[in-house]
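With the first letter of the sequence shown counted as 1, position 97 gets the number 95 in my numbering; the numbers rise by one all the way through.
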Amino acid sequence: MVTPSLLSQTKMAHLLVGLASLLHLSTALPQGGGPPAVSPTMQSMTMSGPGCPAGASGTAQHLVDGRPVFLFPEWNLSLPEKAGPVTTAANEDSKWCTESIQLVNGPVGMQLRIASITVRGWASLDEGSKLRVDVETSLGGKVAGNQTAILGTADLKGGDFTVPLAIQPTDIWSACVGADGIVPALVIRTGVTLVGSSAASVGAVGSADKTELAKALSIFFTPAWRPCA
């Protein structure tokens, strides 16, 4: 399990400055017919996949409006993916990471779904390369939806990209949060693929330098809640 306490206070302070710009800070879950004001806490999180950081120093966790935010400074891709001659017509490099999250102190009598996932980062693309972002979700062991986006050079602003992904379908909800406040387990799989249309395509995502936080990949999700049917 990765916990913020494993990061130095100085490093955490720098990370949270960046995270604060991603979300409007609040102490309650979204209202407007939603659940009562509560502050779910993260009981545990496990990660798996080649895009996950090798150690706790590669990621920070923060909970905003019940939404964990993850920062991956070491998630870097490049084209051509291998040194030397490339014999295939196309070239690609990809990584993925699955985050399994257990939240507690949830709103009793409510159901949850993941309404959207936002992926932000930095990339360098030429006209022959594209960036594909895929997300898949599950709630309490039940497949809950997915979404894909493809980006080109026109989607980058100074190298930065923001990909808001509305999860489809919208009618899959978790089981009810019981009296114990345990929220059904959330699983989010995020994949990022750098695709070149030919062996000559050139591109990069992120940085091999984990201290270069401005190029780190960040991921956060927005929950939707409703009273149990």
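Glycine included, each C-beta is placed from N, C-alpha and C at the ideal position.
Quick one: grab the DSSP three-state call for residue i.
i    : result
T96  : strand
D153 : helix
P34  : Low confidence applies to P34: its pLDDT is 49, below 50, so where it sits in the model is not reliable enough to give any reading.
V131 : strand
T168 : coil
E125 : coil
L13  : With a pLDDT of only 31 at L13, under the threshold of 50, the placement of this residue in the model should not be trusted; the figure read from the coordinates follows. Correct three-state label for L13: helix.
N144 : strand
V102 : strand
P48  : coil
A173 : coil
Do you know how far the Cα of residue j is from the Cα of residue i?
i    : j    : result
F68  : F218 : 6 Å
G104 : W73  : 31 Å
V71  : S136 : Note on residue identity: the sequence assigns Pro, not Val, to residue 71. If I take the Cα positions, the gap works out to 25 Å.
G49  : P225 : 36 Å
L77  : S42  : 35 Å
V200 : C174 : 48 Å
K140 : L129 : 28 Å
V193 : V203 : 11 Å
Considering only the beta carbon of each residue, do residue i and residue j sit closer than 7 Å?
i    : j    : result
W120 : G150 : no
T168 : S98  : no
P51  : T116 : no
V102 : T191 : no
L110 : S172 : yes
P182 : G138 : yes
G189 : D153 : no
S196 : G126 : yes
R118 : T160 : yes
Let me see if you follow: with CB-CB separation under 7 Å, is residue i close to chain B or not?
i    : result
Q109 : Among the protein chains of the structure shown there is no chain B, as only one such chain exists.
Please go through the region 181 to 224 and give each complete beta strand (DSSP E) segment of 3 or more residues, from N-terminal end onward.
Qualifying beta strand (DSSP E) stretches, in chain order: 184 to 194 and 201 to 203.
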